[in-house]
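Novice:
2 protein chains.
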Amino acid sequence: MARQNEGNPRTSDKTIGRLSLYRRLLNVLQGEGHRHVFSHQLAGIAGCTAAQVRRDLMAVGYSGSPIHGYEVVRLIESIREFLDAPGGQGVALVGVGNLGKAILAYFTGRRPNLRIVAAFDNDAHKVNRVIHGCHCHAMADLPQVVKKLGIRLAIITVPANAAQEVAEGLSRVGVRGLLNFAPVRLRVPPNVYVEDIDMTMSLEKVAYFARLAGAEKEGKP
Amino acid sequence: MARQNEGNPRTSDKTIGRLSLYRRLLNVLQGEGHRHVFSHQLAGIAGCTAAQVRRDLMAVGYSGSPIHGYEVVRLIESIREFLDAPGGQGVALVGVGNLGKAILAYFTGRRPNLRIVAAFDNDAHKVNRVIHGCHCHAMADLPQVVKKLGIRLAIITVPANAAQEVAEGLSRVGVRGLLNFAPVRLRVPPNVYVEDIDMTMSLEKVAYFARLAGAEKEGKP
DNA sequence: TACTGTTTGTGAAAACATTCACAGCGTGAG
DNA sequence: CTCACGCTGTGAATGTTTTCACAAACAGTA
Ligand SMILES: NC(=O)c1ccc[n+]([C@@H]2O[C@H](COP(=O)([O-])OP(=O)(O)OC[C@H]3O[C@@H](n4cnc5c(N)ncnc54)[C@H](O)[C@@H]3O)[C@@H](O)[C@H]2O)c1
Ligand SMILES: NC(=O)c1ccc[n+]([C@@H]2O[C@H](COP(=O)([O-])OP(=O)(O)OC[C@H]3O[C@@H](n4cnc5c(N)ncnc54)[C@H](O)[C@@H]3O)[C@@H](O)[C@H]2O)c1
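Protein chains in written order, with our numbering: chain A, 1 to 221; chain B, 1001 to 1221.
(1) So valine 1091(B) and isoleucine 1131(B) are supposed to be a Cβ contact under 8 Å. How far apart are they, rounded?
(2) For the alpha helix (DSSP H) holding isoleucine 116(A), just list the boundary residues, first then last.
(3) Residue ranges of each alpha helix (DSSP H) run of no fewer than 4 residues wholly in the segment 151 to 191 of chain A, ordered along the chain?
(4) Going along chain B in order, which residues have a C-beta closer than 7 Å to the C-beta of glutamate 195(A)?
(5) In the DSSP assignment, find the unbroken alpha helix (DSSP H) run with histidine 137(A) in it and report its ends.
(6) Taking 6 Å as the cut-off, is the CB of proline 1159(B) close to at least one heavy atom of ligand 1?
(7) Per DSSP, which one or two residues make a beta bridge with leucine 1093(B)?
(8) Are the C-beta atoms of leucine 230(A) and some chain B residue less than 7 Å apart?
(9) Using a Cβ-Cβ cut-off of less than 9 Å, list which residues of the segment 1038 to 1049 of chain B approach chain A; keep chain order.
(10) On the criterion of 16 or more Cβ atoms from any shown chain inside 10 Å, does isoleucine 197(A) qualify as buried, or is it exposed?
(11) Counting Cβ pairs closer than 8 Å, one from the segment 1070 to 1079 of chain B and one from the segment 1093 to 1107 of chain B, do we hit at least three?
(12) Over what stretch of residues does the alpha helix (DSSP H) that includes aspartate 13(A) continue unbroken?
(13) Would you say alanine 210(A) faces chain B, with C-beta separation under 7 Å as the test?
(14) With a threshold of 7 Å between beta-carbons, can glycine 1177(B) be considered close to chain A, or not?
(15) Near asparagine 1027(B), what residues of its chain come up, given a Cβ to Cβ distance below 7 Å and the 5 sequence neighbours on each side ignored?
(16) So, helix, strand or coil for aspartate 84(A), using DSSP?
(17) Count the other C-beta atoms from every protein chain shown that fall within 10 angstroms of the C-beta of lysine 148(A), then say buried if there are 16 or more, exposed otherwise.
(18) Would you tell me roughly how many angstroms separate the C-alpha atoms of proline 1009(B) and alanine 1059(B), rounded to the nearest one?
(19) I'd like to know if alanine 1002(B) contacts chain A, where contact means its C-beta is closer than 7 Å to some C-beta of that chain.
(20) Do phenylalanine 181(A) and ligand 1 come close, with the Cβ less than 6 Å from some heavy atom?
(21) Counting C-beta neighbours from all protein chains within 10 Å, is the total for alanine 154(A) 16 or more, i.e. buried, or is it exposed?
(22) Any heavy atom of ligand 2 closer than 6 Å to the CB of tyrosine 106(A)?
(23) So arginine 1172(B) contacts chain A; which residues on that side make the cut at Cβ distance below 8 Å?
(24) May I ask which residues mark the beginning and end of the beta strand (DSSP E) holding aspartate 196(A)?
(25) Within 7 Å of any Cβ in chain A, is that where the Cβ of asparagine 1005(B) sits?
(26) Taking 7 Å as the threshold (beta carbon to beta carbon), is leucine 26(A) in contact with chain B?
(27) Please report the Cβ distance between proline 89(A) and arginine 152(A), rounded to the nearest whole angstrom; I am assuming they are in contact, meaning their Cβ atoms lie under 8 Å.
(28) Spatial neighbours of alanine 1002(B) within its chain, please: C-beta separation below 8 Å, excluding the five flanking residues on both sides.
(29) Could you check if glutamate 1165(B) is buried or exposed, using at least 16 other CB atoms within 10 Å of its CB as the buried criterion?
(30) Give a yes or no on whether the minimum CB-CB distance between glycine 1017(B) and chain A is below 7 Å.
(31) When the cut-off is 7 Å and only beta carbons count, does lysine 1220(B) lie next to chain A?
(32) Give me, in chain order, the residues of the same chain whose beta-carbon lies closer than 6 Å to that of lysine 126(A); leave out the 5 immediate sequence neighbours on both sides.
(33) Spatial neighbours of threonine 1011(B) within its chain, please: CB distance less than 6 Å, with the 5 preceding and 5 following residues excluded, ordered by chain position.
(34) Report the neighbours of tyrosine 1106(B) on chain A: residues whose CB is nearer than 8 Å to its CB, in chain order.
(35) Once DSSP output is grouped into helix, strand and coil, what is the label at isoleucine 67(A)?
(36) Under the criterion of a Cβ to heavy atom distance below 6 Å, does alanine 102(A) qualify as lining ligand 2?
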């Protein structure tokens, strides 16, 4: 089936994000009973242009038909093949505080491909308890648990001043991708990918552009 | 002082985000007693290039000295003038669930310029209670509370199927900026700015690029 | 004074991302 | 059958963001 193009110009960050979005939208469409979808329909619900959708889909190597558009099931499958690791990947969460707990609650029993399989904290009150269906380990056990479960991805929700240290510990035991919520720029080896979610920054962006939209002209840039 | 350039080519999204980041880093530097900073130093801790920093700073209209670099205090002040609304802005949070509570806990008593001044939920158990220092109102009171407090920004942390309705309600009563955590593309009037934080998408991005970094070469693109 | 070393601000180039626009194709109408 | 239609996939054009590279400024040094 869908052959992911090989010696290609590295698929961009933005495209990967949108593929993830398309997949979610396609799942909704599938649930509503749609068998086929056209690029302009997907674009409409994704909030981008039809050309953008088609360009992004080039990366996954599944071609639609000019007559029926894309077959929903097959497109979902092709995106899955392109994005997901075969067999799924376990994720660790470090820092079971307010945010960490919310994330555990949210991801528990959700996407079967990416599931949080272990939590870690240095607070004795949390260690060895099951929180939202996930066992919380002591930090000292991190190396062995990560190795045992073959974990290569982690979510960091510890306070800012602990994040660098945690990131280093994770990198050292073979974790290759970090989703970081701490408002700190992590320094990691070049073979570790870091994605930051910085709520304060996002909120300030909203404040700035909302002010522009109110005071000057209008619209989202 | 620092004159924000006026008839300028609309400052980009990305630049605004980085200015917010620079400001936070500068506050740390100031706390450590630094008086001056060079673009390459700021770049080092921000994780970008010196040229990028200088280019971004052009937007705020504060010039550094080739000898001492940028004066930390004055640069913070210039960024503040450029980004922030004078007098600060109140923010509403709608949906006091797991994530909403974590966010309330985090932002309470934090940045004085952007503070959460009201929370809303439709769950009778939460209405009229004070949660992490913030009063939770009924949804029915949203219009009057928003008007009374002059709220123009909101954070949406309701379930996906309620998000569109909530966004419309907020737009209708004059809110101009939304920070949306629900995994849904909101349709709002063109004078409302929406910023999405989509954790699932971010995590899938991490998974994809971590896999590349592991399997192929290395490094964060 | 003249020279060195360092940094800023910014035009110009390069890299990257999005959109345009159209050939090609299969379908269904006539 | 022939034609017109509407869509895909993609080369080329356009738009945006980042990086390069250098003139200008000036403290320190001798
Ligand atoms: N809560 C939010 O909405 C929010 C918003 C933006 C950013 N953040 C960031 O997310 C992070 C977590 O926020 P939070 O509100 O959940 O904080 P929190 O204090 O509620 O939770 C932090 C958790 O990390 C644990 N921890 C502390 N040091 C540790 C270490 N060295 N190793 C392992 N665990 C450790 C603590 O025991 C605690 O359980 C912070 O960096 C914060 O800046 C949170
Ligand atoms: N928790 C997470 O880590 C996480 C991660 C990614 C995305 N999200 C998204 O964030 C949103 C909130 O997640 P959560 O885990 O806090 O969910 P939650 O169920 O814990 O909280 C939702 C809250 O919204 C309230 N609510 C429901 N319908 C409402 C309405 N019409 N008007 C006002 N309030 C209403 C509920 O009473 C509840 O308090 C969801 O859209 C979820 O998809 C959450």
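Glycine included, each C-beta is placed from N, C-alpha and C at the ideal position.
Quantities reported herein were computed from a predicted structural model and do not represent experimental measurements.
Specialist: Reading it off the structure:
(1) Actually they do not touch by this definition, with Cβ atoms about 15 Å apart.
(2) Careful: isoleucine 116(A) lies outside any alpha helix (DSSP H), inside the beta strand (DSSP E) at 114 to 121.
(3) 160 to 172
(4) Ser1202, Lys1205 and Val1206
(5) Unbroken run through histidine 137(A) is the beta strand (DSSP E), 134 to 138; no alpha helix (DSSP H).
(6) no
(7) Ala1119(B) and Ile1155(B)
(8) Chain A is shown from 1 up to 221; residue 230(A) falls before or after that span and cannot be answered.
(9) Ile1045, Ala1046 and Gly1047
(10) buried
(11) no
(12) 13 to 31
(13) yes
(14) yes
(15) Ile1076
(16) coil
(17) exposed
(18) 10 Å
(19) Summary for alanine 1002(B): the model assigns pLDDT 36, below 50, so the residue's position carries little reliability; its value from the coordinates is reported in the next sentence. Cβ-Cβ to chain A under 7 Å: no for alanine 1002(B).
(20) yes
(21) buried
(22) yes
(23) Within chain A, no residue comes near arginine 1172(B); the closest Cβ sits about 15 Å away, beyond 8 Å.
(24) 193 to 196
(25) Only weak support is given to the placement of asparagine 1005(B): the predicted model assigns it a pLDDT of 44, under 50, and the value that follows is read from those uncertain coordinates. Not an interface residue.
(26) no
(27) Residue identity check: residue 89(A) is glutamine in the sequence provided, not proline. Right, the Cβ-Cβ distance comes to about 6 Å (below 8 Å), so this counts as a contact.
(28) For alanine 1002(B), the pLDDT reaches just 36, beneath the cut-off of 50, and the residue's location in the model is therefore unreliable, although a value from the coordinates is still provided. Taken in chain order, the residues that qualify are Val1060, Gly1061, Tyr1062, Arg1074, Glu1077, Ser1078, Glu1081 and Phe1082.
(29) exposed
(30) yes
(31) With a pLDDT of 37 at lysine 1220(B), under the threshold of 50, the predicted position of this residue should be treated as unreliable, and no value is reported.
(32) Val96 and Cys136
(33) Ala1059
(34) Asn98, Leu99 and Met199
(35) coil
(36) yes
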